[in-house]
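Following: one structure in structure tokens, then a few remarks.
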Amino acid sequence: MSTITDDRQQAVELSIGGMTCASCANRIERKLNKLDGVTATVNYATEKASVTFPADVDPRRLVAEVEKAGYTAGLPAPPHAETAGQEPQDELGPLRNRLITAVVLAVPVVAMAMVPLLQFTNWQWLSLTLTAPVVVYAGWPFHKAAWTNLRHGAATMDTLISIGTLAALGWSLWALFFGTAGMPGMTHPFEITIERTDGSGAIYLETAAAVTAFILAGRYFEARSKRRAGAALRALLDLGAKDVAVLRDGVETRIPADQLQTGDTFVVRPGEKIATDGLVLEGASAVDASMLTGESVPVDVRPGDAVTGATVNAGGRLVVRATRVGGDTRLAQMAKLVEEAQTGKAQVQRLADRISGVFVPIVIALAVGTLGFWLGTGDGVGAAFTAAVAVLIIACPCALGLATPTALLVGTGRGAQLGILIRGPEVLESTRRIDTVVLDKTGTVTEGKMTLSEVHVAEGESEAEVLRLAGALEHASEHPIAQAVAAGAADRFGDLPAPEDFANVEGLGVQGVVDGHAVLVGRPRLLADWSQHLPPDLERRLHSAQAAGRTAVAVGWDGEARAVLVVADAVKPTSKEAVRQLAALGLAPVLLTGDNEAAARTVATEVGIDEVIAEVLPADKVDVVKRLQAEGRVVAMVGDGVNDAAALAQADLGLAMGTGTDAAIEASDLTLVRGDLRVAADAIRLSRRTLTTIKGNLFWAFAYNVAALPLAALGLLNPMIAGAAMAFSSVFVVSNSLRLRRFR
Numbered sequence: 001m002s003t004i005t006d007d008r009q010q011a012v013e014l015s016i017g018g019m020t021c022a023s024c025a026n027r028i029e030r031k032l033n034k035l036d037g038v039t040a041t042v043n044y045a046t047e048k049a050s051v052t053f054p055a056d057v058d059p060r061r062l063v064a065e066v067e068k069a070g071y072t073a074g075l076p077a078p079p080h081a082e083t084a085g086q087e088p089q090d091e092l093g094p095l096r097n098r099l100i101t102a103v104v105l106a107v108p109v110v111a112m113a114m115v116p117l118l119q120f121t122n123w124q125w126l127s128l129t130l131t132a133p134v135v136v137y138a139g140w141p142f143h144k145a146a147w148t149n150l151r152h153g154a155a156t157m158d159t160l161i162s163i164g165t166l167a168a169l170g171w172s173l174w175a176l177f178f179g180t181a182g183m184p185g186m187t188h189p190f191e192i193t194i195e196r197t198d199g200s201g202a203i204y205l206e207t208a209a210a211v212t213a214f215i216l217a218g219r220y221f222e223a224r225s226k227r228r229a230g231a232a233l234r235a236l237l238d239l240g241a242k243d244v245a246v247l248r249d250g251v252e253t254r255i256p257a258d259q260l261q262t263g264d265t266f267v268v269r270p271g272e273k274i275a276t277d278g279l280v281l282e283g284a285s286a287v288d289a290s291m292l293t294g295e296s297v298p299v300d301v302r303p304g305d306a307v308t309g310a311t312v313n314a315g316g317r318l319v320v321r322a323t324r325v326g327g328d329t330r331l332a333q334m335a336k337l338v339e340e341a342q343t344g345k346a347q348v349q350r351l352a353d354r355i356s357g358v359f360v361p362i363v364i365a366l367a368v369g370t371l372g373f374w375l376g377t378g379d380g381v382g383a384a385f386t387a388a389v390a391v392l393i394i395a396c397p398c399a400l401g402l403a404t405p406t407a408l409l410v411g412t413g414r415g416a417q418l419g420i421l422i423r424g425p426e427v428l429e430s431t432r433r434i435d436t437v438v439l440d441k442t443g444t445v446t447e448g449k450m451t452l453s454e455v456h457v458a459e460g461e462s463e464a465e466v467l468r469l470a471g472a473l474e475h476a477s478e479h480p481i482a483q484a485v486a487a488g489a490a491d492r493f494g495d496l497p498a499p500e501d502f503a504n505v506e507g508l509g510v511q512g513v514v515d516g517h518a519v520l521v522g523r524p525r526l527l528a529d530w531s532q533h534l535p536p537d538l539e540r541r542l543h544s545a546q547a548a549g550r551t552a553v554a555v556g557w558d559g560e561a562r563a564v565l566v567v568a569d570a571v572k573p574t575s576k577e578a579v580r581q582l583a584a585l586g587l588a589p590v591l592l593t594g595d596n597e598a599a600a601r602t603v604a605t606e607v608g609i610d611e612v613i614a615e616v617l618p619a620d621k622v623d624v625v626k627r628l629q630a631e632g633r634v635v636a637m638v639g640d641g642v643n644d645a646a647a648l649a650q651a652d653l654g655l656a657m658g659t660g661t662d663a664a665i666e667a668s669d670l671t672l673v674r675g676d677l678r679v680a681a682d683a684i685r686l687s688r689r690t691l692t693t694i695k696g697n698l699f700w701a702f703a704y705n706v707a708a709l710p711l712a713a714l715g716l717l718n719p720m721i722a723g724a725a726m727a728f729s730s731v732f733v734v735s736n737s738l739r740l741r742r743f744r
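Note that UniProt numbering has the sequence shown beginning at 1, numbered continuously upward.
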């Protein structure tokens, strides 16, 4: 399934399987880019390859190239084969089974090797029985990846793990069957001595088992966070209406929304989601489109107006003709934007893999050199092989498998206590380089809902009376602005009287009788139609509110205009402090909104932001982020709506407010559980601290093992030194990670 981009080029998105690290993605990318006219980017996180290729090339050739590199690839399934909201199969199952097997079997092996009291007669044979399935079955993904790497002349973390664990198992087998290690009564005394040995009495089974278990645990947690990459699309598609009332021959019939066709006429009742993009044929209503547009003010629609699928009908009954269905709708296009943004994200080369790429060849060369040196000195084959294998064993640092997961586990745990959810290790890389933070206005800097903010009354009028009469009338209306006025009045004065003769004047406001007064609430034009004109002072207040991008409502009764009520999306009380904290972290704040320029400027001034980008559509939000990135800025985006999802995915760091939509949360890297923007500054600080801890862990994970390499090369390494180096590096990594619990 490819999409034609022009007469000469077409594009396809392949799903890739079998990648174990970022260098796998780079290898596939290089392989595809070697083909004439092909441009490919491979994303390790989403396991997708975006490929542009000549129109005369069969897409199956691309699949064959990926398979030649030792990985699997698949073309996209036809649209009807995919079901929105369908539960994905449990891809983590096999990895979880390997991890459980490794942990259950490795614990007794390590315990027996480290505690002499547990070393009963022939304990070494039980160790072998437990270790073999750990190394062969649980560690199979590492061996398979190492073999693939070997065929392509590359070395990664997998190569190091595979060589180290197989060397430890292989040497132990030799020592058990051909050396003295298999003799009944053999023990590993708990002593750390440095002396030459031929190695025939030493086994390294606990090293092989523990390394496999530790690193599988790290891979499992990484895979679990990576698997959620596609959830943003499912969350977006789940926003649409599930079923719809179609009008056929004047009769309403409910059908699944995905069966709607262009030209069908359907009914939308108050409170229902609009099933697809269409044109209003009958009825008038207010449509809450904030989830898609980010604009807090609902849109009034009447016959001839366009409506968008997944928005909510907040007012009266509408009859709509479908103009776009399926993949052509605005919601589907937004889902595509999110997917493109995720796929186009820069790959974060994992530090461990980068180090391994240099470290592995050095270790292998050192092992070969050690073997050659001791064979040349005539010390015997046993002693030479002991020294060479010891080099391979000590070079496989189990702490490396702990370095990232433990810091992540503690950092994310502390984050959760503070209301911050961190998606995975790639996120932390981004936080270090961020220099610009783009803040969505509605629901992020502001409350995201209309509230009564100001009451201006004519001379001689009582504010209490204005709110009592206007609130009572507006309470009978379903319009969101009316509801904001009613809620504001009820908050200040409690119960409101019930109106009589209530009527909705389409597009202008409402009228009715409250406590014997003929009340009008709405646009000034409604009052003018009844010869009720605003006095100059109220006229000024009304224009001033509108100039600031707020919504002003006129109130009149008994033949006179009496007040102007101002409804606005209020700024959160913590937003100003949050902007100050973000600036203190060296970030330049930018306010981004689909709202009008005046409303945006008012909010920006209130919270202390200089740079404002207003009146942008959802697709334009992505373009704004791309434009800032093109200027060389590293962008963090904070948002909460569906309309922010694609921009959150495109940004170098996406932060979603937990009070927002699932689509925004799934597309983000960090989720702020509370709706408090100050948590964004905490999240960036915690992420930077966690990244620093991971780097410190990686350094020490290698340092302990590198320090022991000379001992191994000199043939002075006994099993207790190997075990101690492994244990000390692990203890250091864990205790260093635990310091994150003190983050404030």
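Idealized CB from N, CA, C, for every residue including glycine.
**Item:** Proximity to THR436 [Cα-Cα], best of ARG302, VAL246 and LEU585
**Value:** LEU585
**Message:** In the DSSP output, which residue or residues are listed as bridge partners for PRO54?
**Reply:** GLN9
**Request:** List in chain order: all unbroken beta strand (DSSP E) runs of 3+ residues lying wholly within the stretch 650-677.
**Result:** 653-657 and 670-672
**Message:** I'd like to know whether the C-beta atoms of PRO298 and VAL287 end up nearer to each other than 8 Å.
**Reply:** yes
**Prompt:** Within 10 angstroms of its Cβ, does GLU611 collect 16 or more other Cβ (buried), or is it exposed?
**Reply:** exposed
**Prompt:** Among ALA518, HIS479, GLU506 and ALA614, which one has its Cα closest to the Cα of MET450?
**Reply:** HIS479
**Request:** May I ask you to verify whether the stretch 528-537 touches the stretch 412-422, counting CB pairs closer than 8 Å and requiring at least 3?
**Result:** no
**Cα-Cα separation between VAL57 and LEU35, rounded to whole angstroms** = 10 Å
**Request:** Count the C-beta pairs between the stretch 272-282 and the stretch 304-322 that are closer than 8 Å, then say yes if the count reaches three, no if not.
**Result:** yes
**Item:** Alpha-carbon to alpha-carbon, ILE393 and LEU409
**Value:** 27 Å
**Request:** Let me know the secondary structure DSSP gives LYS273 once reduced to three states.
**Result:** strand
**Asked** Any idea if THR129 is buried or exposed, counting beta-carbon neighbours within 10 angstroms, 16 or more meaning buried?
**Response** exposed
**Prompt:** How long is the line joining the alpha carbons of ALA213 and ARG96, rounded to whole angstroms?
**Reply:** 11 Å
**Message:** Can you give me the C-alpha to C-alpha distance between GLY522 and ASP495, rounded to a whole angstrom?
**Reply:** 22 Å
**Prompt:** Would you call MET637 buried or exposed, if buried means 16 or more other Cβ atoms sit within 10 Å of its Cβ?
**Reply:** buried
**Request:** Please classify ALA111: does DSSP put it in a helix, a strand, or coil?
**Result:** helix
**Asked** In its own chain, which residues sit with a C-beta less than 7 Å from the C-beta of ARG560, not counting the 5 before and 5 after it?
**Response** The amino acid occupying residue 560 in the given sequence is Glu; Arg does not appear at that position. Once the five neighbours on either side are set aside, the close Cβ partners of GLU560 are GLN532.
**Asked** Under the three-state reduction of DSSP, which class applies to LEU520: helix, strand or coil?
**Response** strand
**Prompt:** Going by other Cβ atoms of all chains shown within 10 Å of its Cβ, with 16 needed for buried, is LYS48 buried or exposed?
**Reply:** buried
**Asked** Are the stretch 167-185 and the stretch 201-208 in contact at 8 Å, needing three or more beta carbon pairs?
**Response** yes
**Request:** Note down, one range per segment and in chain order, each alpha helix (DSSP H) of at least 4 residues found wholly within the stretch 150-179.
**Result:** 157-177
**Item:** Nearest-angstrom beta carbon gap, ALA284 and GLY507 [assumed within contact, 8 Å]
**Value:** 7 Å
**Asked** In or out: ALA346 buried (at least 16 other Cβ within 10 Å) or exposed?
**Response** Caution applies to ALA346, whose pLDDT of 39 falls short of 50 and renders its modelled position unreliable; the model cannot decide the point.
**Request:** Please classify ALA476: does DSSP put it in a helix, a strand, or coil?
**Result:** coil
**Rounded C-alpha distance that separates residue 757 from SER430** = Missing from the structure shown is residue 757; the chain here goes from 1 to 744 and no further.
**Limits of the unbroken alpha helix (DSSP H) element including GLN546** = 536-547
**Prompt:** What does GLU611 pair with, by DSSP beta-bridge criteria?
**Reply:** VAL590
**Item:** Three-state class that DSSP yields for LEU281 in the structure shown
**Value:** strand
**Prompt:** Taking all protein chains shown into account, do 16 or more other C-beta atoms lie within 10 angstroms of the C-beta of ARG60, making it buried, or fewer, making it exposed?
**Reply:** exposed
**Request:** Keeping to the same chain, check which residues put their C-beta closer than 6 Å to that of GLY658; ignore five residues upstream and five downstream.
**Result:** THR671, LEU672 and VAL673
**Check: ALA552 C-beta below 7 Å from any heavy atom of the ligand HEM** = Judged by which ligands are present, the structure shown has none, so any question about the ligand HEM falls away.
**Message:** What residue range does the alpha helix (DSSP H) around THR72 cover?
**Reply:** Unbroken run through THR72 is the beta strand (DSSP E), 72-74; no alpha helix (DSSP H).
**Message:** Give me, in chain order, the residues of the same chain whose beta-carbon lies closer than 7 Å to that of VAL731; leave out the 5 immediate sequence neighbours on both sides.
**Reply:** none
**Asked** Helix or strand or just coil, what does DSSP make of LEU421?
**Response** strand
**Cα-Cα separation between LYS576 and GLU606, rounded to whole angstroms** = 7 Å
**Request:** Locate the alpha helix (DSSP H) running through PRO573, then write down its first and last residues.
**Result:** Segment: none, PRO573 is in no alpha helix (DSSP H) and carries neither H nor E.
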